[in-house]
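In our numbering, the protein residues as written are 54 to 452.
Listed below in structure tokens is the structure:
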């Protein structure tokens, strides 16, 4: 793994570590009440290392593949992919073309598993590329499939001779009257299964992973898209939905993925998502935009724990006090945004929540083999423009 080289006082990583530790120390000692709260914590988060990547512009690391010991990232270009080693050295850099034998019309979701780049291609099917961008496997859907919004998580999951992927909408989106059909579409989405499973030979498919009971999306109001994210750990499956401060546990058995239970983050002061009656769906964006709801940003695993990275959101009063200029408003939100960590054990028992994470990082869903969580240094937050892209590695340790 990458060995830290920040022993001198002038090194920016060393300075950032000191600033990060100071922020955590100050936030935990802000007043008597907070001091008492954080003095009783069992876990703390420390920046322990970094990846300093020689790349000009934006580079978002999508995932880490333990089998090949490689990172996969999205670059600046149109469908530009970057493959890096564990030290952050770029090994491959190429654009996936829109035409030709290695083409992908549009990437809906992407990851690298067992050394192969896996892609969910918008409307068409599933693709595997090698690490140089050559297409080595392709599964075409027997229908046109589209997603109302972008999706998160793995593009698909291997299940023997079958593959599972996020259930798409089917049919020609041009034939849908979005004004007239929106109520019916989303009422269906709020009750439909989450995944589709397809036989890779016959192309026969079925749906599984029922929409979780108890979700606020089923209270009869309109909340927009659910933004489902699905993760798997052997026979255990996990689902979380946009703006819910809880996740759902499922179990795989005989080729089906069945609901087990709901697990709450037990966060008491998160700002709830605002919904509207379906007949007032046109007012949703205006009403929802009055506040900034809490949400889970990522779920990660190590050998002993499950980590939830989340934010609590901002109230309507806070949002009303922001600058009216869009650029200044965005900066104010970024300055105030705080990510927290919740720690669960393997039995899904909450060990601790509301653990503050260092500000100024955009947290990924990546955990290294050493159990380090990766966070991208946000240059806008620090008002810097560097020729390098920096990812910090954070370790969750017991106090």
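We put the beta carbon where it would ideally sit given N, CA and C, even for glycine.
Relative to residue 205, the option among 283, 109, 174 whose CA is nearest is 283.
Residue 108 sits in coil when the DSSP states are folded into three classes, being neither helix nor strand.
Going by DSSP, residue 384 is part of the alpha helix (DSSP H) stretching over 379 to 389. Checking the DSSP bridge columns, you'll see residue 311 partnered with 304.
For residue 174, the number of other beta carbons within 10 angstroms of its own is at least 16, and it is reported as buried.
In this structure, 285 is the residue among 104, 285, 426, 446 with its C-alpha nearest to the C-alpha of residue 209.
Where residue 432 is concerned, the enclosing alpha helix (DSSP H) starts and stops at 432 to 435.
Using a 10 angstroms sphere on the CB of residue 427, the tally of other CB atoms reaches 16 or more, which defines it as buried. When Cβ pairs closer than 8 Å are counted between the two stretches, the region 147 to 160 is seen not to touch the region 191 to 203, the count staying below three. Assignment of residue 338 by DSSP, reduced to helix, strand and coil, places it in the helix class. Counting the other Cβ atoms within 10 Å of the Cβ of residue 362 gives 16 or more, which makes it buried. In this structure, 419 is the residue among 237, 419, 311 with its C-alpha nearest to the C-alpha of residue 119.
In the same chain as residue 268, and ignoring 5 residues on each side of it, the C-beta atoms closer than 7 Å to its own belong to 294, 297, in chain order.
Membership of residue 127 in any alpha helix (DSSP H) is not indicated; the residue belongs instead to the beta strand (DSSP E) covering 123 to 127. Here residue 124 has 114, 117, 137 as same chain residues with Cβ atoms under 6 Å from its own Cβ, once five neighbours each way along the sequence are excluded.
Beyond the five residues adjoining it in sequence on each side, residue 329 comes within less than 7 Å, by CB distance, of 274, 275, 336, 337, 340 in the same chain, given in chain order.
Secondary structure note for residue 373: its alpha helix (DSSP H) is the uninterrupted segment 369 to 373. As the crow flies, the alpha-carbon of residue 377 is around 16 Å from that of residue 367.
Taking the Cα positions, residue 388 is about 23 Å away from residue 101. Secondary structure of residue 235 (DSSP, three-state): helix. Residues 324, 327, 366, 367, 368, 369, 372 of the same chain have their beta carbon placed closer than 7 Å to that of residue 344, with the five preceding and five following residues left out of the count. For residue 108 against residue 442, the beta-carbon gap comes to about 5 Å, under 8 Å, which counts as contact. The beta carbon of residue 358 sits closer than 8 Å to those of 396, 397, 398, 399, 404, 449, all from its chain and outside the five residues before and after it, given in chain order. When DSSP reads this structure, residue 191 sits in a beta bridge with 180. Membership of residue 448 in the beta strand (DSSP E) is indicated by the continuous run 441 to 451.
Partner residues in a beta bridge of residue 322, as assigned by DSSP, do not exist.
For the options 214, 189, 320, 165, the alpha carbon positioned closest to that of residue 409 is the one of 320. Taking all protein chains in view, the Cβ of residue 281 is crowded by 16 or more other Cβ atoms within 10 Å, so the residue is classified as buried. Beta-bridge annotation (DSSP): residue 220 is not paired with any residue.
Taking a cut-off of 8 Å on C-beta distances, the region 298 to 314 touches the region 250 to 267, as three or more cross pairs fall below it. The bridge partners DSSP lists for residue 265 come to none. In the three-state DSSP reduction, residue 175 falls in the coil class, being neither helix nor strand.
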